[in-house]
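J.: A single structure is presented below for examination.
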Amino acid sequence: MNEPLADRFEARPVVSASTVFEGRVWDVVSETVDLGDAGEVTREFVRHPGAVAVAAVDDQGRLCLIQQYRHPIRTFEWEIPAGLLDVDGEPAHVGAARELHEEADLVATTWHVLADYVSSPGGLDEALRIYLARDLSAVPHDERHDRDGEELGMPLRWVPLEEVRDAFLAGRLHNATMGIAALAALASRDQGWATLRPVDAPWPSHPSQRHLA
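Per UniProt numbering, the sequence shown starts with residue 1, numbered consecutively.
Right under this line is the structure:
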């Protein structure tokens with residue numbers, strides 16, 4: 001096999017589908033899929049709108065981290081700013097800029113796609129895109145977002161990328177998006193940022209974007 005290493009986006013025929021549970025943010029669906037020679041199988045999974053995250057890196061090579069309580073894992077987890085793609089018609093990079101503004105009181109003038117990944121493809125269809133944001137500045141106090149819920153009073157910390165990487169690999173930090181962001185940013189920086197993609201790069205792993213690939 002001499003072709004470039006890449007996933008193949010090819011949907012198998014869905015014989016039947018139903019919604020098992022309808023939630024506030026995402027649903028659980030059941031689909032029977034025709035796998036050809038392997039026959040039909042039924043799979044239940046979470047249907048997710050997708051999400052964006054922001055690796056905001058300052059001119060000292062530090063990553064912006066925020067700490068938020070995540071009840072399903074009972075943990076105050078260090079993360080990077082992130083959020084759902086739940087605004088109809090909003091481009092993904094605009095959503096990322098909104099999350100950076102709302103969660104970290106920051107704006108950036110230089111944006112690139114850093115990495116794309118799927119979080120748990122055996123159980124949900126969530127696709128995530130991580131942006132690299134640089135040339136940062138603070139949002140004026142009178143223009144900052146009023147946070148509430150788990151976001152109220154979130155600590156913010158600037159940490160060298162190498163320190164984030166080491167803590168992630170040592171098992172002290174556990175957020176996958178943050179870990180991928182730190183590792184990808186260091187790898188890209190080592191290559192002179194040559195791996196970065198434009199903010200509107202194709203995103204074929206997101207179900208709504210596959211027709212654009």
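Just so you know, even glycine gets a beta-carbon here, dropped at the ideal spot from N, CA and C.
Check this for me: beta carbons of residue 111 and residue 131, under 8 Å apart or not?
T.: It is a contact, given that the beta carbons lie within the stated cut-off.
J.: Would you say residue 25 and residue 129 are within 8 Å of each other, going by their C-beta atoms?
T.: For residue 25 and residue 129, no; Cβs fall outside 8 Å.
J.: Can you name the start and end residues of the beta strand (DSSP E) that residue 190 belongs to?
T.: From DSSP, residue 190 is part of no beta strand (DSSP E) but of the alpha helix (DSSP H) over 176-190.
J.: Tell me, to the nearest whole angstrom, how far the beta carbon of residue 100 is from that of residue 49; I am working on the premise that it is less than 8 Å.
T.: In fact, because the Cβ distance is near 19 Å, the residues do not count as touching under 8 Å.
J.: For residue 7, count neighbouring Cβ atoms within 10 angstroms of its own Cβ and tell me buried if that reaches 16, exposed if not.
T.: When all chains shown are included, residue 7 counts as exposed.
J.: Confirm, please, whether the CB-CB distance from residue 95 to residue 215 is below 8 Å.
T.: Not covered by the structure: residue 215. The range shown for the chain is 1 to 213.
J.: Tell me whether residue 18 is buried or exposed, calling it buried when 16 or more other Cβ atoms sit within 10 Å of its Cβ.
T.: Flag for residue 18 reads exposed.
J.: Could you please give the first and the last residue of the uninterrupted alpha helix (DSSP H) stretch that includes residue 128?
T.: Careful: residue 128 lies outside any alpha helix (DSSP H), inside the beta strand (DSSP E) at 127-138.
J.: When you compare each of 61, 38 and 73 to residue 163 by their alpha carbons, which one comes out closest?
T.: With distances taken between Cα atoms, residue 163 lies closest to 61.
J.: Is the segment 66-79 touching the segment 30-42, taking contact as three or more C-beta pairs under 8 Å?
T.: Contact fails: fewer than three Cβ-Cβ distances are below 8 Å.
J.: List the DSSP bridge partners of residue 53.
T.: In DSSP, residue 53 forms a bridge with 82 and 130.
J.: Under a three-way DSSP split, which group does residue 168 fall into?
T.: Correct three-state label for residue 168: helix.
J.: Taking just the CA atoms, how far does residue 115 sit from residue 182?
T.: Cα to Cα, residue 182 sits roughly 10 Å from residue 115.
J.: What does the Cβ neighbour count give for residue 193, buried or exposed, with the cut at 16 atoms within 10 Å?
T.: That one is exposed.
J.: Taking the alpha-carbon of residue 21 as reference, which of 9, 200, 30 and 125 has the nearest alpha-carbon?
T.: For residue 21, the nearest C-alpha among the options comes from 30.
J.: Under 8 Å, do residue 214 and residue 44 count as touching if we go by C-beta distance?
T.: Lying before the first or after the last residue shown, residue 214 is absent from the chain, which here runs from 1 to 213.
J.: Could you tell me the distance, in whole angstroms, from the CA atom of residue 125 to the CA atom of residue 118?
T.: C-alpha separation (whole angstroms): 7 Å.
J.: Under the rule that 16 or more other beta-carbon atoms within 10 Å means buried, what is residue 156, buried or exposed?
T.: With fewer than 16 Cβ atoms within 10 Å of its Cβ, residue 156 is classed as exposed.
J.: Please report the residue range of the alpha helix (DSSP H) in which residue 94 lies.
T.: Counting along the chain, the alpha helix (DSSP H) containing residue 94 begins and ends at 92-104.
J.: I think residue 188 touches residue 177, with their Cβ atoms under 8 Å apart; what is that distance to the nearest whole Å?
T.: Contact flag wrong, Cβ pair sits at about 16 Å.
J.: Between residue 14 and residue 153, what straight-line distance do the alpha-carbon atoms span, to the nearest angstrom?
T.: Cα to Cα, the separation comes out at about 45 Å.
J.: Secondary structure at residue 196, three-state DSSP: helix, strand or coil?
T.: Coil at residue 196, not helix or strand.
J.: Distance check for residue 135 and residue 47, CA to CA, integer angstroms please.
T.: Roughly 35 Å separates the two Cα atoms.
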